[in-house]
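Novice: In terms of the UniProt record's numbering, the sequence shown opens at residue 1 and continues consecutively. Sharing a structure with you now.
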Amino acid sequence: MTRSIHIPANGGIPNHPRFAALVVPGAAPADIDADGGKALVQTNGWSGAWDWGVYDFHHFHPASHEALLCVAGRATLAIGGPEGEEIDVGPGDGLILPAGTGHRCLSASDDFRVVGCYPPGQESPDIIHASADAVDRYGTSIAAVPVPEHDPFTGGAFEGWA
């Protein structure tokens with residue numbers, strides 16, 4: 001069942017003023033690999049797919065929503081900045097992070113990998129470190145990022161922030 005995490009700005013991370021991060025356990029089969037994960041999200045209308053890990057520092061993307069799909073290993077991630085929530089993810093688990101949402105890898109197995117992707121037109125996200133002026137500097141642009149048309153994991157109309 002999808003879970004929402006909505007955290008106010010904290011620790012130099014603006015987070016999104018309206019939209020919550022969505023945690024989607026079992027967004028894909030647990031045996032999906034990186035190529036399968038990329039194919040899934042691309043088929044569902046998301047683009048710029050890559051596979052790697054998650055940075056070990058708090059960061060956010062001010063002009064891009066981002067979906068992450070765990071395709072190997074396990075990790076504990078911080079969502080929403082230093083005062084956010086810690087979540088555990090494993091193979092097949094997905095996240096949909098609205099623009100401005102802080103995220104960081106706190107710990108991970110050696111084989112941890114995610115497929116990351118973005119809605120069309122948002123494929124080259126800036127990676128912004130937490131900073132004292134983040135809300136003032138990026139708040140307006142974060143709120144203006146358009147809602148995705150499709151769910152990256154199901155391909156249906158995206159209703160996560162309706």
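For glycine and all other residues, C-beta sits at the position ideal for the given N, C-alpha and C. Nothing here was measured: the structure is a model prediction, and the numbers come from that model.
Excluding five sequence neighbours on each side, which residues of the same chain lie with their C-beta closer than 7 angstroms to the C-beta of F19?
Specialist: Taking the sequence shown and counting its residues from 1, the one referred to as residue 19 is at position 19. P98 and W161, listed in sequence order.
Novice: Assuming the contact rule is C-beta atoms closer than 8 angstroms, I96 and H58 should be a hit. Round their C-beta distance to whole Å, please.
Specialist: Counting from 1 along the sequence shown, the entry for residue 96 is found at position 96. Counting from 1 along the sequence shown, the entry for residue 58 is found at position 58. At roughly 18 angstroms, the Cβ-Cβ gap does not stay under 8 angstroms, so I96 and H58 are not in contact.
Novice: For G12 and V115, I'd like the C-alpha separation in whole angstroms.
Specialist: Within the sequence shown, numbered from 1, the residue matching residue 12 stands at position 12. Within the sequence shown, numbered from 1, the residue matching residue 115 stands at position 115. Cα to Cα, G12 sits roughly 26 angstroms from V115.
Novice: Could you tell me which whole beta strand (DSSP E) segments of length 3 or greater appear in the segment 17–45?
Specialist: With a minimum length of 3 residues, the continuous beta strand (DSSP E) runs that stay inside the segment 17–45 are 21–24.
Novice: Name, in chain order, the residues that DSSP records as bridge partners for R3.
Specialist: Working through the sequence shown from its first residue, we reach residue 3 at position 3. R3 is bridged to V23.
Novice: Just tell me which of P14, D33, L40 and N15 has its CA closest to the CA of residue 165.
Specialist: The structure shown does not extend to residue 165, since the chain is modelled only from 1 through 162, so no value can be given for it.
Novice: Within its chain, find whatever has a CB closer than 6 angstroms to the CB of D56; leave out the 5 residues flanking it on each side and keep chain order.
Specialist: Position 56 of the sequence shown, counting from 1, holds the residue named residue 56. Closer than 6 angstroms at the Cβ level, and outside the excluded window around D56, lie C105.
Novice: At which residues does the beta strand (DSSP E) containing T76 begin and terminate?
Specialist: Your numbering for residue 76 matches position 76 in the sequence shown. Segment A75 to I79, the beta strand (DSSP E) holding T76.
Novice: In this structure, what does DSSP give as the bridge partners for S47?
Specialist: The residue you call residue 47 lines up with position 47 of the sequence shown. In the DSSP output, where bridge partners are listed per residue, S47 has Y118.
Novice: Under 8 angstroms by Cβ, that's how I've got L22 and V54 pegged, so tell me the actual separation to the nearest angstrom.
Specialist: Along the sequence shown, read from residue 1 onward, the residue named residue 22 stands at position 22. Along the sequence shown, read from residue 1 onward, the residue named residue 54 stands at position 54. Not really, about 16 angstroms apart at Cβ, beyond 8 angstroms.
Novice: Taking only three categories from DSSP, how would you classify V89?
Specialist: One-based indexing of the sequence shown puts residue 89 at position 89. If DSSP states are grouped into helix, strand and coil, V89 belongs with the strands.
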